[in-house]
Every structure is written in structure tokens, then in C-alpha cells.
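What follows is one structure encoded as C-alpha cells, with my remarks underneath.
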Amino acid sequence: MIRLVLPLALLATGACQQNPAPEPTPPPPGKCVADGLGGFTGKTRSDALEKEALRLSGSTSARWISPGMAVTMDFREDRLNFELDAQGKIVRAFCG
């Protein structure tokens, strides 16, 4: 009986081990995917931030939209939009 308990105990404790979550892979370039861009909300515009957001989203272009700024309503699947508040902080990031 004891010979059976030890292997079962080892097997049970091995099942409790957690593996770290894998790094999310960016989508293929050219099509914007906005999943996971919420972390940019509240941050200030910068070249490094834009580069990282483009990499994560798979977009090939970015558009920064200031309050009251006129923008076209055309949808571009390769474009990432950043909506800014009056202080230049990102309010939201979305595709189109």
C-alpha cells in the first residue's frame, strides 16, 4: 500500500506546478488588432510608445487624434488610432 501512496503523492504535487503565461505573439503586419492595447491608456505620446503599439497591433501606420481635430471616417485595416485628451494623454487606442 505504501508503495502506491508515494507515486500518487508525487503525481498529485506535480499537477500543481504552474507554467508562466507565454508572451503574446503580435499579429501579422498589415492588419490592426486592438486586443491588449488598453495598457497604453493614460500614457503620453512618444515615438517609443508608437513603435511598441504598432508592433503589438500589427498595424503599419498610426494616427494621433487630438480633441476637436477633424478626421476622415474611412476605415483602414492597417491603421492604429490614438485618441488624445487635452493634456496629450491617450484616452483610447482603436483600429481603423
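In case it helps, mature numbering (1 follows the signal peptide of the UniProt record, and there is no 0) puts the sequence shown at residues -17 to -1, 1 to 79. Virtual Cβ for every residue (Gly too), placed ideally from N, Cα, C.
Range covered by the beta strand (DSSP E) that runs through residue i
i   : result
S44 : S44 to I48
E66 : R62 to L67
Exposed unless 16 or more other CB atoms sit within 10 angstroms - verdict on residue i
i          : result
residue 80 : Absent from the model: residue 80. The displayed extent of the chain is -17 to 79, so no value can be given.
A69        : exposed
F23        : buried
F65        : buried
Bridge partner(s) assigned by DSSP for residue i
i   : result
A76 : F65
T27 : K72
Segment limits, alpha helix (DSSP H) that includes residue i
i   : result
S40 : D30 to S40
Nearest-angstrom Cβ-Cβ length linking residue i and residue j, presumed shorter than 8 Å
i   : j   : result
S40 : L63 : 5 Å
S44 : D30 : Not really, about 14 Å apart at Cβ, beyond 8 Å.
Three or more C-beta pairs below 8 Å linking the stretch 49 to 59 and the stretch 24 to 37: No, the stretch 49 to 59 does not touch the stretch 24 to 37.
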